[in-house]
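Student:
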Amino acid sequence: MVHNARKANIFTYAKFNVAALLSLAYSIRGKECSCDETQRPKSGSLNWVIFISFEDGVEWVFRSPRRSFGLQKPTASEVLMSEVATMKCLREMGKIPVPEVFSYW
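So the sequence shown is residues 102 to 206, counted in this note's numbering.
Right, dumping it as structure tokens:
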């Protein structure tokens with residue numbers, strides 16, 4: 102019973118397909134990866150995040166909008182696309198270290 106309560110932590114803010122997420126990460130990077138389903142997502146004002154670990158020690162962050170703030174899906178998508186464009190622009194033009202975006206939708 103305790104195991105089930107811990108396993109639910111990853112789904113604090115949303116239900117999603119962990120296997121599909123890991124498959125996407127593998128297809129992008131070509132390395133085996135895992136996700137601790139007992140982790141409690143970190144959260145900020147508009148987003149929640151979980152971590153994916155690769156076999157070579159690299160960690161990726163999976164970030165998704167929190168719907169609890171009433172952000173409608175189209176608006177959340179527009180905000181996400183704007184953030185990705187801003188990060189790509191900063192990465193290409195600036196000297197500020199910016200995380201690389203591998204996939205979004």
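For every residue, glycine included, the Cβ atom is placed at its ideal position computed from N, Cα and C.
None of these values were measured; they are calculated from a predicted model.
Below 8 Å on the Cβ atoms is my contact criterion, and I expect C134 with L123 to pass it. Report the Cβ-Cβ distance as a whole number of Å.
Tutor: Taking the first residue of the sequence shown as 1, we reach residue 134 at position 33. Taking the first residue of the sequence shown as 1, we reach residue 123 at position 22. Confirmed, about 6 Å.
Student: Pick helix, strand or coil for E133, following the three-state DSSP scheme.
Tutor: As a position in the sequence shown, residue 133 is number 32, starting the count at 1. For E133, the secondary structure class from DSSP, reduced to helix, strand or coil, is coil.
Student: Within the same chain, show all residues whose beta-carbon is closer than 7 Å to that of R164, passing over the 5 residues directly before and after it, in chain order.
Tutor: Within the sequence shown, residue 164 is the residue found at index 63, counting from 1. Answer for R164: N148, V150, listed in chain order.
Student: Short of 7 Å in beta carbon distance, which residues of its chain neighbour V199, apart from the five on each side in sequence? Order them along the chain.
Tutor: Here residue 199 is taken as the residue at index 98 of the sequence shown, counted from 1. So the qualifying residues of the chain are M188, L191, R192.
Student: Pull up the CB-CB distance for F152 and R130, whole angstroms please, since I reckon it's below 8 Å.
Tutor: In the sequence shown, counting from the first residue as 1, residue 152 sits at position 51. In the sequence shown, counting from the first residue as 1, residue 130 sits at position 29. 14 Å between Cβ atoms; not a contact.
Student: DSSP state of M182, grouped into three classes?
Tutor: Sequence index remark: in the sequence shown, residue 182 carries index 81 (1-based). M182: helix per DSSP, three-state reduction.
Student: Comparing alpha-carbon positions, which option in S204, I197, E160 lies nearest L181?
Tutor: Counted from its first residue, the sequence shown places residue 181 at position 80. For the set S204, I197, E160, the Cα lying nearest the Cα of L181 is the one of S204.
Student: Could you name the residues that DSSP lists as bridge partners for I151?
Tutor: Taking the first residue of the sequence shown as position 1, residue 151 is located at position 50. DSSP output for I151 lists F163 as bridge partner(s).
Student: Between which residues of its own chain and V185 is the CB-CB distance below 7 Å, once the five residues before and five after are set aside?
Tutor: Residue mapping note: residue 185 aligns to position 84 of the sequence shown, counting from 1. Within the same chain, V185 has close Cβ partners V202, Y205.
Student: For the candidate residues K174, T139, A126, whose alpha-carbon lies nearest to that of E160?
Tutor: Position 59 of the sequence shown holds residue 160. Looking at K174, T139, A126, the one whose alpha-carbon comes closest to that of E160 is A126.
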